[in-house]
Every structure is written in structure tokens, then in C-alpha cells.
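There are 2 protein chains.
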Amino acid sequence: MTLTGIDADEDEAATLAAATVYVCITCRRPDDPEDGPRPGLALARATAQAAQGTGVAVCQVQCLANCSRPCSAAMRCDGAWAYVFGGLEPDRDAPALIEGARLLARAQDGILPWRGRPEILKRGLIARMPPIGFEEERE
Amino acid sequence: MTLTGIDADEDEAATLAAATVYVCITCRRPDDPEDGPRPGLALARATAQAAQGTGVAVCQVQCLANCSRPCSAAMRCDGAWAYVFGGLEPDRDAPALIEGARLLARAQDGILPWRGRPEILKRGLIARMPPIGFEEERE
Numbered sequence: 036m037t038l039t040g041i042d043a044d045e046d047e048a049a050t051l052a053a054a055t056v057y058v059c060i061t062c063r064r065p066d067d068p069e070d071g072p073r074p075g076l077a078l079a080r081a082t083a084q085a086a087q088g089t090g091v092a093v094c095q096v097q098c099l100a101n102c103s104r105p106c107s108a109a110m111r112c113d114g115a116w117a118y119v120f121g122g123l124e125p126d127r128d129a130p131a132l133i134e135g136a137r138l139l140a141r142a143q144d145g146i147l148p149w150r151g152r153p154e155i156l157k158r159g160l161i162a163r164m165p166p167i168g169f170e171e172e173r174e
Numbered sequence: 036m037t038l039t040g041i042d043a044d045e046d047e048a049a050t051l052a053a054a055t056v057y058v059c060i061t062c063r064r065p066d067d068p069e070d071g072p073r074p075g076l077a078l079a080r081a082t083a084q085a086a087q088g089t090g091v092a093v094c095q096v097q098c099l100a101n102c103s104r105p106c107s108a109a110m111r112c113d114g115a116w117a118y119v120f121g122g123l124e125p126d127r128d129a130p131a132l133i134e135g136a137r138l139l140a141r142a143q144d145g146i147l148p149w150r151g152r153p154e155i156l157k158r159g160l161i162a163r164m165p166p167i168g169f170e171e172e173r174e
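Protein chains in written order, with my numbering: chain G, 36 to 174; chain P, 36 to 174.
Structural data, given as C-alpha cells:
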């Protein structure tokens with residue numbers, strides 16, 4: 036059976052809806068004032084804006100514990116590995132986070148592909164974690 | 036209703052069974068030979084041994100992408116935050132990983148408590164990630 040265009044669009048939207056980007060809203064860089072507006076919050080707002088119409092969910096969190104390399108964000112998708120990124124800039128990297136989440140949602144093997152991944156999601160990679168139900172590697 | 040001792044034990048075992056420690060088996064420290072036995076694998080084996088009889092699952096993984104601060108491990112439990120740790124020593128830190136997983140499994144709020152947490156799981160904290168179904172923080 037061939038999907039109609041509408042069916043395919045709905046299928047795509049359903050897949051991407053399972054992708055969530057978590058943005059730390061307490062992150063600040065070493066030079067940022069402690070009592071000023073948090074760049075993490077600015078990144079969260081920019082990411083939510085970049086997500087509009089994509090089906091990717093954006094969720095604000097208090098601290099991803101990556102305080103030495105702000106700003107921080109993570110992404111997860113059902114059945115896929117989860118990723119944490121650091122060194123993000125609020126006025127630059129929101130579109131890369133959404134692009135990464137879309138790539139992850141489409142990845143058949145549940146792994147964020149290296150090829151085509153936005154550069155900041157390569158050099159800013161902090162850690163990854165296997166999906167629930169991941170099976171042990173063989174020695 | 037008061038649980039009998041046996042029921043309580045079974046309940047405890049069921050809770051802890053949901054906790055999994057993931058150990059990176061490809062981790063090596065800067066001074067380790069590239070083709071020698073990987074300290075990450077030694078840590079994974081020690082952690083599996085330390086887990087015996089506790090109900091905590093230990094799972095070997097290829098790379099947690101925390102390559103700048105080896106050795107690395109992560110832990111997760113149903114409904115709880117997930118954590119990634121680095122700077123672990125194979126011959127020292129396996130019991131701390133199991134103790135941390137037990138603390139996480141018992142945490143009512145899904146957050147690994149700071150008080151009582153093994154020291155290496157404080158200074159070796161790399162990142163954390165909210166559980167699936169986590170609700171957005173309010174601004």
C-alpha cells in the first residue's frame with residue numbers, strides 16, 4: 036500500500052511528536068551575572084519558537100547538571116538513545132537542536148547520525164544514554 | 036495493611052529490579068594503551084559483581100560519549116531522572132554505582148539524593164536527564 040501525501044504527513048508528524056528537547060533554564064555562562072536574565076531561559080524560548088510547526092516538543096527543566104559547559108540541552112525520542120549537549124548559545128543554536136531532534140526521530144537505529152548532524156551537536160556532545168529496553172553488548 | 040517481612044522484601048526487590056546501571060566498556064584513560072584491556076570493561080565486570088543479590092541490573096554499552104572524563108557509567112530507574120557519571124576508577128567505584136542505583140530506586144521524588152550519595156557520584160556527575168513524562172517547569 037502506498038501512503039497518500041496526507042497519510043505520509045500525518046505519519047511524519049506522529050514520529051516527530053515523540054521527540055522532546057529539554058532545555059536547562061538555569062544555565063548561565065561564567066561571565067553572566069548571577070541575578071540577570073538566564074541565557075538558558077533565552078535558549079529555551081528560542082528553541083520553543085524554532086519548534087513551531089515541527090511536531091518536536093520543547094520542555095524547560097531546572098538544571099541538567101552540565102553546569103561546567105553551559106548552555107545545556109538534551110533530547111530524547113521513544114526507542115532512541117538520549118543525548119546531552121553543552122556549550123550552546125541562545126541566539127545561535129535553537130534551530131540546531133530542533134534539526135537534531137528531527138534527525139533522531141527519523142533514525143531507524145535510534146542513534147543520532149553523525150553525518151548531517153549540526154556541527155554544534157558534534158562538538159557540544161556531553162553524553163548519551165541508551166533507550167529503555169537496550170540489550171547488553173556482548174563481550 | 037502491614038506488609039509481612041517477606042512481602043516487604045519482595046517489594047524492595049521489585050523496586051530495585053527497575054534500576055539499571057550502564058557501564059561504558061570502551062572507556063580508556065589518556066595513559067592507557069589503545070590496544071590493551073579497556074578499564075571500562077573492568078569497571079563493567081566489577082559493577083556486575085557488586086550488583087549480585089541486589090536486584091540492580093548492570094548493562095554493558097559501547098560508549099556513553101563522555102570520552103573526555105573516563106571511565107563512564109549511567110543509571111536509570113523507571114520514573115526517575117537518569118544520571119551520567121565520569122572519572123570512575125574500575126578498582127574503586129563499582130560499589131558506589133550500585134549504592135547510587137539503590138538510592139535512586141528508593142527515591143520517592145525520582146531524584147538521586149545528594150545527602151548520602153557516594154562522593155564519586157557527586158564530583159563525577161556529568162549530566163542528568165528528566166524521566167519520560169516529565170512536566171515542564173513553569174517560568
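The C-beta atom is built at its ideal place from N, Cα and C for all residues, glycine as well.
Look at residue i and residue j and say whether their C-beta atoms are less than 9 Å apart.
i        : j        : result
P:ALA142 : P:ALA115 : yes
G:CYS106 : G:LEU139 : no
P:THR26  : P:ARG80  : Summary: the structure shown does not reach residue 26 of chain P, with chain P confined to residues 36 through 174, and so no result is reported for it.
P:LEU123 : P:GLY159 : yes
G:ALA53  : P:ASN101 : no
G:VAL91  : G:ALA136 : yes
G:PHE120 : P:TYR57  : no
G:ALA85  : G:ASP126 : no
So, for residue i: in the same chain, excluding its five sequence neighbours on each side, which residues have a beta-carbon less than 7 Å away from its beta-carbon?
i        : result
G:GLU154 : none
P:ALA83  : VAL93
P:ALA131 : PRO153, ILE155 and LEU156
P:PRO148 : LEU138 and ALA142
P:PRO166 : GLY114, ALA115, TRP116 and GLY145
Got a sec? Which residues, its chain only, sit under 6 Å from residue i by beta carbon, not counting five neighbours each side?
i        : result
G:ASP128 : ILE155
P:SER103 : none
P:ILE146 : TRP116
P:MET164 : ALA117
Give the residues of chain G in contact with residue i, contact being defined as C-beta atoms less than 7 Å apart.
i        : result
P:PRO165 : TYR57 and VAL96
P:LEU123 : By Cβ distance, chain G contributes nothing, its closest Cβ being about 13 Å from P:LEU123, past 7 Å.
P:VAL91  : Within chain G, no residue comes near P:VAL91; the closest Cβ sits about 14 Å away, beyond 7 Å.
P:ALA54  : The contacting residues do not exist; P:ALA54 stays about 12 Å from chain G at best.
Any idea what DSSP makes of residue i, helix, strand or coil?
i        : result
G:ILE133 : helix
G:ILE155 : helix
G:GLU82  : It is worth fixing the name first, because residue 82 of chain G is Thr in this sequence and not Glu. Note: G:THR82 maps to helix in three-state DSSP.
G:LEU76  : helix
G:LEU160 : strand
P:ALA140 : helix
P:GLN95  : strand
G:PHE120 : strand
G:THR55  : strand
G:CYS106 : coil
P:ARG127 : coil
P:ARG150 : coil
Under 9 Å between beta-carbons, which chain P residues line up against residue i? List them in chain order, please.
i       : result
G:LEU99 : ALA162, ARG163, MET164 and PRO165
Listing by chain order, which chain G residues have their CB less than 9 Å from the CB of residue i?
i        : result
P:ALA117 : ALA117 and MET164
What residues from chain P crowd round residue i, counting only those whose CB sits closer than 7 Å?
i        : result
G:ALA77  : None at all; the shortest Cβ gap to chain P is about 12 Å.
G:ARG171 : Rather than Arg, the amino acid found at residue 171 of chain G in this sequence is Glu. Simply CYS94 and GLN95.
G:ALA109 : MET164
Under 8 Å, CB to CB, which of the residues in the stretch 126-153 of chain G have a partner in chain P?
none
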